[in-house]
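Keeping their order, the protein sequence lines are chains A, B and C.
Take the position in the first sequence, starting the count at 1, then add 40; the result is the number in this note's numbering.
Take the position in the second sequence, starting the count at 1, then add 40; the result is the number in this note's numbering.
Take the position in the third sequence, starting the count at 1, then add 40; the result is the number in this note's numbering.
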Amino acid sequence: MKIEQKLQELGITLPKAPKPVAAYVPVKQSGNTLYLSGQLPMVDGKLQYTGKVGGERTAEEGSVAAKICAINALAAINEHIGSLDKVKSILKLQVFIASVVGFDGQPEVANGASEFFVEVFGQEIGSHARSALGTNQLPRDATVEIDLVVEVE
Amino acid sequence: MKIEQKLQELGITLPKAPKPVAAYVPVKQSGNTLYLSGQLPMVDGKLQYTGKVGGERTAEEGSVAAKICAINALAAINEHIGSLDKVKSILKLQVFIASVVGFDGQPEVANGASEFFVEVFGQEIGSHARSALGTNQLPRDATVEIDLVVEVE
Amino acid sequence: MKIEQKLQELGITLPKAPKPVAAYVPVKQSGNTLYLSGQLPMVDGKLQYTGKVGGERTAEEGSVAAKICAINALAAINEHIGSLDKVKSILKLQVFIASVVGFDGQPEVANGASEFFVEVFGQEIGSHARSALGTNQLPRDATVEIDLVVEVE
């Protein structure tokens, strides 16, 4: 219950994991490795952030959107393995950021997710390899989408 | 021969796996995990779908292109491990969709691949974690490119 | 010291691995699998290639940028495991190429990294599954970003 307590301290209640928006599953497991589906900045089944960073959205808003994606990722992991205390390592984070050409602050946007994982799990478990990149268009015009590979007990 | 029969029922003949268009290999294996190279909607060595969805291409055409990519992925797996009956789990599917800004139906396009994998392998093996995203430009102006991680016996 | 000698023959001195530009780590390991963070074409802490291929940059420049990313990836691996002789397989390479719409030679750009890995490690270890795709915008306006999954001893 260590991670659940940490989340409470941070004022975060895990949502019910958002349903995939199409024909796939939220998590697939191979041995101790979890592959997660792309997470969008959904709250209560509704996208909270749409539009491009550098256009309708600021980098700060993008960063909040990335954190919401990360919370949804934790919800999906939690439903899959039953407890976030079984997370051994956040291995790889991909952050796709809907961007206008000319906005090149994707790393700062992605930090909204990266810093959250380290805050929740600590440096050893929560730190991760990461790629962040811009894209001209995300599903449902979402501002951010993230993608994870996670090691579990 | 279970999967081969299923493919026959679906009226699908596995093509010869398309040759990589550059300096890489179609599949690399680590333990029971296969990493696949990006698959394009090639038929008989020729790209069947070029152009952007929301522009020259409709979402329906994109979805067919995604299915062709998926068929080519199966061909690559089959040549690598000798039989699709050895596939234990489609772990992760990435779908990159050449899109005009403003087209945000990437999930429906990606379903062309996702639903095909479930149709061929059934829910337990064929369902997968997935990310779908838009991009402004794919190699050779392809409409869709897919990417897979697969667990095998 | 086999790989170090090979690099010397190629006239390449491994740089100090570039520091991540944000809140993440260069490499995270799970069992024998290394996940690498996105590598940019940095030399001595400074981006060598910015701008889009097909616009300010030619495919040839993009290819050199991809090779620099690959050199930085080797530096990151080397610092993580202590010797490149422990690399057993380059499993998966993703190459993201900042592109103007209409430039579709991403495979040739990506070859700058792919051919380098094969040159350094030989075909069996160095060949890899690969995806290459365009994007409208990369962090810090980099021309290329690469991403690796690697098997080590």
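Note that CB positions come from ideal geometry on N, CA and C, so glycine has one too.
Find out if the Cβ-Cβ distance for the pair residue i, residue j is shorter than 8 Å.
| i | j | result |
| --- | --- | --- |
| A182(B) | T90(B) | yes |
| K132(B) | V192(B) | no |
| I186(C) | A153(C) | yes |
| F93(A) | A62(A) | Reading off the sequence, residue 93(A) comes out as Val, not Phe. No, they are not a contact pair. |
| E148(C) | S103(C) | yes |
| E159(A) | L50(A) | yes |
| P58(B) | N118(B) | no |
| T175(B) | T175(A) | yes |
| V135(A) | G95(A) | no |
| A169(A) | S77(C) | yes |
| F157(B) | A110(B) | yes |
| S167(B) | V65(A) | yes |
Would you please verify whether the beta carbon of residue i is less than 8 Å from any beta carbon of chain C?
| i | result |
| --- | --- |
| S77(A) | no |
| K68(B) | yes |
Since residue i meets chain C, which of its residues come closer than 8 Å, beta carbon to beta carbon?
| i | result |
| --- | --- |
| L178(B) | D144, Q146, L173, G174 |
| A62(B) | P147, E148, A150, N151, S154, R170, A172 |
Given that a residue counts as buried once 16 or more other Cβ atoms are within 10 Å of its Cβ, and exposed if not, what is residue i?
| i | result |
| --- | --- |
| L173(C) | buried |
| Q79(C) | buried |
| Q163(B) | exposed |
| Q48(A) | exposed |
| G145(A) | buried |
| M82(C) | buried |
| E100(B) | exposed |
| K42(C) | exposed |
| G85(B) | exposed |
| G142(B) | exposed |
| K107(C) | buried |
Show which residues of chain A have a CB atom less than 7 Å away from the CB atom of residue i.
| i | result |
| --- | --- |
| E96(B) | Those within 7 Å of E96(B) in chain A number zero; the least Cβ separation is about 15 Å. |
| V189(B) | Y75 |
Step through the CB atoms of chain A and report whether any lies within less than 8 Å of the CB of residue i.
| i | result |
| --- | --- |
| A150(B) | yes |
| K132(B) | yes |
| S123(B) | no |
| T90(B) | no |
Taking residue i as the query, report the chain B residues whose CB atoms sit under 8 Å from its CB, ordered along the chain.
| i | result |
| --- | --- |
| E185(A) | S171, L173 |
| S103(C) | Result: empty, since nearest Cβ-Cβ is about 11 Å, beyond 8 Å. |
Going along chain C in order, which residues have a C-beta closer than 9 Å to the C-beta of residue i?
| i | result |
| --- | --- |
| S139(A) | T175, N176, Q177 |
Using a C-beta to C-beta distance shorter than 8 Å, which residues of chain A count as neighbours of residue i?
| i | result |
| --- | --- |
| F136(C) | S171, L173 |
Hey, is residue i's beta-carbon within less than 8 Å of any beta-carbon in chain B?
| i | result |
| --- | --- |
| V65(A) | yes |
| E164(C) | no |
Show which residues of chain B have a CB atom less than 7 Å away from the CB atom of residue i.
| i | result |
| --- | --- |
| V158(C) | A63 |
Which bits of chain A does residue i rub up against, with CB to CB less than 9 Å?
| i | result |
| --- | --- |
| D181(C) | G142, D144 |
Going along chain D in order, which residues have a C-beta closer than 7 Å to the C-beta of residue i?
| i | result |
| --- | --- |
| V127(A) | In the displayed structure, chain D is absent; the protein chains listed are A, B and C. |
Let me check you understand the geometry: is the CB of residue i closer than 7 Å to at least one non-hydrogen atom of the ligand ADP?
| i | result |
| --- | --- |
| G95(A) | Because no ligand of any kind appears in the structure shown, any question about the ligand ADP cannot be addressed here. |
Continuous beta strand (DSSP E) assignments of at least 3 residues falling wholly in the region 83-169 of chain B: 127-138
Segments assigned beta strand (DSSP E), at least 3 residues, entirely inside the region 50-76 of chain B: 67-70, 73-76
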